[in-house]
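Before any comments, here is the structure.
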Amino acid sequence: MSTPPPTGPLVTRDTLAAELRALGVEPGEILLVHSSLSSLGWVCGGSVAVVRGLLDAVGPDGTLVVPSQSGDLSDPALWHRPPVPADWWERIRAAMPAYDPLITPSRGVGVIPETVRTWPGALRSAHPQTSFAALGARAAELVEGHAPDCRLGEHSPLARLEKAGARVLLLGTGYDTCTAFHLAEYRIAAPLVDVGRPGPGGWEVVTEVSIDSYRFDELGHDFERDRDVVRGTVGAADVRLFPVADAVAYAQRWLPLHRSREEEC
479 MSTPPPTGPL
489 VTRDTLAAEL
499 RALGVEPGEI
509 LLVHSSLSSL
519 GWVCGGSVAV
529 VRGLLDAVGP
539 DGTLVVPSQS
549 GDLSDPALWH
559 RPPVPADWWE
569 RIRAAMPAYD
579 PLITPSRGVG
589 VIPETVRTWP
599 GALRSAHPQT
609 SFAALGARAA
619 ELVEGHAPDC
629 RLGEHSPLAR
639 LEKAGARVLL
649 LGTGYDTCTA
659 FHLAEYRIAA
669 PLVDVGRPGP
679 GGWEVVTEVS
689 IDSYRFDELG
699 HDFERDRDVV
709 RGTVGAADVR
719 LFPVADAVAY
729 AQRWLPLHRS
739 REEEC
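Just so you know, we're using this note's numbering here: the sequence shown kicks off at 479 and counts up by one.
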């Protein structure tokens, strides 16, 4: 059987940059991008073209930031996609390589962030599970100082992005991917959890704020209803553009109300 031709639209580096600018992306700004390559259509040049288009849109004075998380550096006892036998857990903990920002691949965030992570000149933050990678004029100041016991809180790039006036770009993804909402979890009464991971001296356990993207899609729906969110399309992808600070402030009010209601039911 012959392979059917692509249905399009045809997306190129130039069309992507032009459509982002038409939506209001400005030269010199900082974008925190959550992305889905497959949502865009037929992309000439794949993820490389997308990254070049994003960099074109923000220009030489702008900065591109993406999540470059490595959630597989975690306790095998918690794995379920797929699970591993319990009698493997201790051996996995002992053998798991520690995080190295230069070589540890990202996982679960898509091919575009991994392309950014490996781009010449990219910088990556130090947290072994929830790092961010950045390219551009302000990359260093945004990713430095990511504390090893602060996944997505005040000592992570999210707080720096908020302070710097960055905007979130959801490029073909939903609000369930919006890491900015997690910063709000550090500013409300959230439970603490023990988090296991490989460290430089062997397996370690740190106490962290519990983070959970459950109901982020509902949170995003209400946020978009109540706040000024730019909506449009790039290629075939639905796109949303909004300030990090607005998303964090809204989530900080929304989460205690709605999560506490659910606990009472």
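Ideal Cβ placement from N, Cα and C applies to all residues, glycine included. These figures come from a predicted structure and were not determined experimentally.
CB of residue i within 8 Å of CB of residue j, strictly
i      : j      : result
Leu509 : Val543 : yes
Asp550 : Arg585 : yes
Glu497 : Gly540 : no
Thr490 : Ala527 : yes
Ile570 : Pro545 : no
Thr593 : Ser525 : yes
Leu518 : Gly713 : yes
Val521 : Leu649 : no
Leu639 : Leu613 : no
Pro626 : Val684 : yes
Gly531 : Pro505 : no
Val503 : Ile590 : no
Ala600 : His624 : no
Gly677 : Ala573 : no
Phe466 : Pro579 : Given a span of 479 to 743 for the chain in the structure shown, any question on residue 466 remains unanswerable.
Leu733 : Glu663 : yes
Leu670 : Gly588 : no
His736 : Arg703 : no
Arg675 : Pro606 : yes
Ile689 : Leu630 : yes
Asp716 : Ser691 : no
Thr651 : Ser548 : no
Where the alpha helix (DSSP H) containing residue i begins and where it ends
i      : result
Leu542 : From DSSP, Leu542 is part of no alpha helix (DSSP H) but of the beta strand (DSSP E) over Thr541 to Pro545.
Arg693 : Premise fails: Arg693 is in no alpha helix (DSSP H) and is neither H nor E.
His511 : Looking at the sequence itself, residue 511 is Val, so the reference to His does not match. It is not in any alpha helix (DSSP H) - Val511 instead sits in the beta strand (DSSP E) that spans Ile508 to Ser513.
Arg638 : Pro635 to Lys641
Ala564 : Per DSSP, Ala564 belongs to no alpha helix (DSSP H) and is neither H nor E.
Arg499 : Arg491 to Leu501
Min CB distance residue i to chain D below 8 Å
i      : result
Thr596 : No chain D is present in this structure, which holds just one protein chain.
Bridge partner(s) assigned by DSSP for residue i
i      : result
Ser609 : DSSP output for Ser609 lists no bridge partner at all.
Glu702 : Note: Glu702 sits in no beta bridge, so no partner.
Arg530 : Arg530 pairs with nothing; no bridge assigned.
Trp520 : Leu488
Beta strand (DSSP E) segment containing residue i, residue limits
i      : result
Ala555 : First-last for Ala555: undefined, no H or E at that position.
Gly710 : Val708 to Val712
Asp745 : As displayed, the chain neither begins before 479 nor continues past 743, which places residue 745 out of reach and without an answer.
* Kindly provide the ranges of any beta strand (DSSP E) runs that are 3 or more residues long and lie completely inside the segment 572-631, ordered along the chain. => 610-614
* Report yes or no: do three or more beta-carbon pairs, one from the segment 632-650 and one from the segment 717-725, lie closer than 8 Å? => yes
* Unbroken alpha helix (DSSP H) runs of length 4 or more, entirely within the segment 639-688: which are they? -> 658-663
* At least 3 beta-carbon pairs within less than 8 Å: the segment 652-672 vs the segment 688-702 -> With a cut-off of 8 Å, the segment 688-702 and the segment 652-672 count as touching, because enough Cβ pairs lie within range.
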